[in-house]
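In order, the protein sequences belong to chains X and W. Take 16 as the starting number for the first sequence in my numbering and just add one per residue. Take 70 as the starting number for the second sequence in my numbering and just add one per residue. Each residue gets a CB set at the ideal place from its N, CA and C atoms; glycine is no exception. Since the model is a prediction, treat every value here as computed from it, not as a measurement. Take a look at the structure set out below.
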Amino acid sequence: MSKTIENAGFPLCEGCVIGKTLKISDAKNPYENKSIKKEEIEQELQRLENSLVKANEDIDNTLENISSENNNLNEIIKIHKSILNDPEIKKGIIDLIKNKLHSMEHAINQKFMEIENSFATIKNPYLKERVNDYVFVKNTLINKPAKKEEGEINEPTILLMKDISPEQVIRYHNNKNILGICLKHGSRTSHASIIIKSLNLPAIIETSTNYKSIPNNKLVVFNSYENKLVINPEKSDIIECDRIIEKEQENLNKLQELVKKPAITKSGKRIKLRANLEFEEEIPLAIKNGAEGVGLLRTEMFYLNRKMLPSKEEQFTYYKKIVSSFENSVTIRTLDLGGDKNTLLLKTKKEENPNLGLRGIRFSLSKPEIFVEQLEAILMASTYGKIKILLPMVSKIEEVRETKKILDNCKKKLREKNIPFDNNIQLGVMIEVPSAVFEVESFAKECDFFSIGTNDLTQYIMAIDRNNDHVKDYYDETNPAVLTALKIVVDGAKKHNKTVSLCGEIASNPEKLKTFIELDVDEVSVSTSSLLKIKEKIINYR
Amino acid sequence: MISKTVTISNKSGIHARPAQLIVQTAEEFSSEIFLEKIDEGFKANAKSIFNVMAMAGECGDNIQITTNGDDEDEALEAMLDLFDRNFTNE
Chain X
16 MSKTIENAGF PLCEGCVIGK TLKISDAKNP YENKSIKKEE IEQELQRLEN SLVKANEDID
76 NTLENISSEN NNLNEIIKIH KSILNDPEIK KGIIDLIKNK LHSMEHAINQ KFMEIENSFA
136 TIKNPYLKER VNDYVFVKNT LINKPAKKEE GEINEPTILL MKDISPEQVI RYHNNKNILG
196 ICLKHGSRTS HASIIIKSLN LPAIIETSTN YKSIPNNKLV VFNSYENKLV INPEKSDIIE
256 CDRIIEKEQE NLNKLQELVK KPAITKSGKR IKLRANLEFE EEIPLAIKNG AEGVGLLRTE
316 MFYLNRKMLP SKEEQFTYYK KIVSSFENSV TIRTLDLGGD KNTLLLKTKK EENPNLGLRG
376 IRFSLSKPEI FVEQLEAILM ASTYGKIKIL LPMVSKIEEV RETKKILDNC KKKLREKNIP
436 FDNNIQLGVM IEVPSAVFEV ESFAKECDFF SIGTNDLTQY IMAIDRNNDH VKDYYDETNP
496 AVLTALKIVV DGAKKHNKTV SLCGEIASNP EKLKTFIELD VDEVSVSTSS LLKIKEKIIN
556 YR
Chain W
70 MISKTVTISN KSGIHARPAQ LIVQTAEEFS SEIFLEKIDE GFKANAKSIF NVMAMAGECG
130 DNIQITTNGD DEDEALEAML DLFDRNFTNE
């Protein structure tokens, strides 16, 4: 077979690697919704027992790791344990394995689906929301088995798959022999894609390559810089690839030397470099790349692509995990739904102009029951490290005042329950609406810090929908009007001694670095993978 | 087999925490323990948190507690005690 070049698709994460092809036929858990043969019943029941033992151990470990003062959490974990060891649920699962020949995962899914359905008929709201505990236990049970589905991979390998789950990304990444991933589908903004990027795993998505024409175990050069897949490469292709790898390694080593150095320009301006974060899987890279805490922790993933609203417990566990991972502070942005981010979970009416509609803080204030849960979860986590709260899409001072009232009520509630929290937790405002730019000094009197979201601010100042192809050329974060707005914010904040952080693509773009250094912002927050590239630019800036 | 009827008197009914306490208490005994919401005929295995929660016992509901086994007397007493205490810890 002679050399062929496939034009691959969208380069999600850049890299150039050589390896052998391996087609993974189904991105889903292979046991899921599958049937088994009669003679496999015993084996399946044993798998169930093993999963139960493992899940019990996991829960016990969690129990050991939380302080005994945290009664609330202790109780929830006890409830999880009772669900896990519920004899009726277990009986139901065993019955489905034995009599319906369901695989363990299929049986667990089926049984918990029945449970979820019966919760739908419960009227008591306290009880109704506990369905989340069952979902949690189900996931604990199902995620445990199904290891090594890809067999023993012990030589450099490029995976060809339809799609990938976040768990698979992590698992594949742990195998040092998996060098690259090629996906037929995949989405640029999915959880899995964000993890792929943060792990720096070379990947191409949305590929048009016909997998059928590529056998397993074929040598390929996978080059996502040039967006191509070379099948049966010639010697020159391999030499070319080796050269790229060498160059990458050189750059990487150079950047790694910067980790311990502070980001100071040649003229002595110190800029704090923090990370944007969305998923806990991004933590290791953020730390490795020397992030000084988290400048923007997004919280929308609790609501997107999900069937259930998150429980306070789930949010708390997540915030706690992030906060305790960093020595420096973590700025949590409260829910920023609406606009282009919508969720089916919360039935909101379709809006004519969603970008001018119920977004960010407006949304949260219109759904206080959801907002309160998030604020309480944040407060509960605030004793595990330093947390700051950031409000998105603020357009008038009343929104800050209203939030403060709600926050005070949350504090009062926790105090009554003797749950500790940081009473001086800082509250900041995100500047992304023109009205907030003009009113920055009024905000400065009532809030603790600012963060400028340049993407939305540019969109609103220029009246440009970034996703509209007809006008996208108008979108320019360095347009003089935008720069003037940024200057008004920084000057206004400085006058009241409030710090200003910059996030958005402008901060991640080394070419535009000059702009924000001249603006004299205190911190920038960028994606975990750009941290060192930006630091290099700052250090070399004169 | 012995049984006795009680009335739920705590305001929020048998929600998650009381359900967990019921299960935790029931597990200490080898006897079978059932809770039955008399008016609806809903019968729950007291060792199953899902059963107990699905019973959705509200304040004022009459619950018949039935125990059956070697330690049925102690089990019944412990369950009655739990209802008496309104599911608070000792």
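**Item:** Three-pair Cβ contact test at 8 Å for the region 272-286 of chain X versus the region 313-327 of chain X
**Value:** Contact between the region 272-286 of chain X and the region 313-327 of chain X is absent, because fewer than three Cβ pairs lie under 8 Å.
**Message:** Is I134 (chain W) close to chain X? Criterion is C-beta to C-beta, closer than 8 Å.
**Reply:** No, its Cβ sits nowhere closer than 8 Å to a Cβ of chain X.
**Message:** Quick check on DSSP: helix, strand or coil for R86 (chain W)?
**Reply:** Correct three-state label for R86 (chain W): helix.
**Item:** Under the three-state DSSP convention, the category R416 (chain X) falls into
**Value:** The answer is helix: DSSP assigns R416 (chain X) an H, G or I state.
**Request:** Tell whether a beta-carbon distance below 8 Å holds between V536 (chain X) and V497 (chain X).
**Result:** For V536 (chain X) and V497 (chain X), no; Cβs fall outside 8 Å.
**Asked** N114 (chain W) touches chain X at which residues, Cβ-Cβ below 8 Å?
**Response** Neighbours of N114 (chain W) on chain X, chain order: P102, E103.
**Message:** Output needed in chain order: residues of the region 122-141 of chain X with a Cβ under 7 Å from some Cβ in chain W.
**Reply:** The region 122-141 of chain X vs chain W, Cβ under 7 Å: I130, S133, I137, N139, Y141.
**Prompt:** My guess is that K403 (chain X) and F458 (chain X) are in contact by the Cβ rule of under 8 Å, so how many angstroms apart are they, rounded?
**Reply:** Cβ atoms of K403 (chain X) and F458 (chain X) stay farther apart than 8 Å, at about 15 Å.
**Message:** Between the alpha carbons of A125 (chain W) and D139 (chain W), how many angstroms are there, rounded?
**Reply:** Roughly 29 Å separates the two Cα atoms.
**Asked** What are the partner residues of N137 (chain W), as DSSP defines its beta bridges?
**Response** DSSP lists W:E101 as the bridge partner or partners of N137 (chain W).
**N120 (chain W): contacting residues in chain X (beta-carbon distance under 7 Å)** = Those are E103, listed as they occur along chain X.
**Prompt:** Any C-beta of chain W sitting closer than 8 Å to the C-beta of S97 (chain X)?
**Reply:** Between S97 (chain X) and chain W, the shortest Cβ-Cβ separation is below 8 Å.
**Item:** Reduced DSSP secondary structure (H/G/I, E/B, other) of V536 (chain X)
**Value:** Reduced to three states, the DSSP call for V536 (chain X) is coil.
**Asked** Among the residues of its own chain, which have a CB less than 7 Å from the CB of L60 (chain X), if the five just before and after it don't count?
**Response** Around L60 (chain X): I109, I112.
**Request:** Would you mind reading off the limits of the alpha helix (DSSP H) that contains S133 (chain X)?
**Result:** That run of the alpha helix (DSSP H) goes 119-135.
**Message:** Can you give me the C-alpha to C-alpha distance between L149 (chain W) and R430 (chain X), rounded to a whole angstrom?
**Reply:** Roughly 33 Å separates the two Cα atoms.
**Prompt:** Starting from M445 (chain X) and walking both ways along the beta strand (DSSP E), at which residues does that stretch end?
**Reply:** DSSP places M445 (chain X) in the uninterrupted beta strand (DSSP E) bounded by 441-446.
**Message:** Helix, strand or coil, according to DSSP, for M124 (chain W) in the structure here?
**Reply:** In the three-state reduction of the DSSP assignment, M124 (chain W) falls in the helix class, which pools H, G and I.
**Message:** Taking DSSP's pairing of strands, which residues face V345 (chain X) in a bridge?
**Reply:** Beta-bridge annotation (DSSP): V345 (chain X) is paired with X:V309, X:I402.
**Asked** In angstroms, rounded to a whole number, what distance separates the CA positions of S97 (chain X) and G110 (chain W)?
**Response** Taking the straight line joining both Cα atoms gives about 24 Å.
**Item:** Where the beta strand (DSSP E) containing M176 (chain X) begins and where it ends
**Value:** Run containing M176 (chain X): 172-176, per the beta strand (DSSP E) assignment.
**Asked** Helix or strand or just coil, what does DSSP make of L270 (chain X)?
**Response** The answer is helix: DSSP assigns L270 (chain X) an H, G or I state.
**Asked** K93 (chain X) versus chain W: which residues are under 8 Å apart at the beta carbon?
**Response** In chain order: Q89, Q93.
**Message:** For V75 (chain W) and I134 (chain W), I'd like the C-alpha separation in whole angstroms.
**Reply:** Using only the alpha carbons, I get a separation of about 8 Å.
**Message:** In this structure, how does DSSP classify K262 (chain X) when only helix, strand and coil are distinguished?
**Reply:** The answer is helix: DSSP assigns K262 (chain X) an H, G or I state.
**Message:** Using a Cβ-Cβ distance cut-off of 8 Å, determine whether E159 (chain W) contacts chain X.
**Reply:** Because E159 (chain W) carries a pLDDT of 44, less than 50, the predicted location of this residue cannot be relied on, and the following value inherits that uncertainty. No, because no Cβ of chain X sits closer than 8 Å to the Cβ of E159 (chain W).
**Request:** Please state if the CB of L99 (chain X) and the CB of A122 (chain X) are separated by a distance shorter than 8 Å.
**Result:** Contact flag unset, no.
**Request:** Quick one: give me the first and last residue of the alpha helix (DSSP H) that F331 (chain X) is part of.
**Result:** Taken as a continuous stretch (DSSP letters only), the alpha helix (DSSP H) holding F331 (chain X) covers 327-340.
**Entirely enclosed beta strand (DSSP E) segments - the region 441-515 of chain X, minimum 3 residues** = Counting only unbroken stretches of 3 or more residues, the beta strand (DSSP E) elements lying wholly within the region 441-515 of chain X are 441-446, 464-468, in sequence order.
**Distance, L270 (chain X) Cα to K559 (chain X) Cα** = Shown here, chain X extends from 16 to 557; a query on residue 559 (chain X) therefore has no answer.
**Message:** Counting only C-beta atoms, is G110 (chain W) closer than 8 Å to chain X at any point?
**Reply:** Not closer than 8 Å to any Cβ of chain X, the Cβ of G110 (chain W) fails to qualify, so no.
**Message:** Any beta carbon from chain X within less than 8 Å of S99 (chain W)'s own beta carbon?
**Reply:** For S99 (chain W), the answer is no, since every Cβ of chain X falls outside 8 Å of its Cβ.
**Item:** Pair within 8 Å by beta-carbon distance, I298 (chain X) and L174 (chain X)
**Value:** Not closer than 8 Å, so no.
**Prompt:** Roughly how many angstroms lie between the CA atoms of I209 (chain X) and P435 (chain X), to the nearest whole one?
**Reply:** A straight-line Cα-Cα distance of about 33 Å links I209 (chain X) and P435 (chain X).
**Prompt:** What do you get for L546 (chain X), buried or exposed, if any count of 16 or more other CB atoms within 10 angstroms of its CB means buried?
**Reply:** Flag for L546 (chain X) reads buried.
**Asked** Does the beta carbon of S78 (chain W) come closer than 8 Å to any beta carbon on chain X?
**Response** Chain X contact via Cβ: absent.
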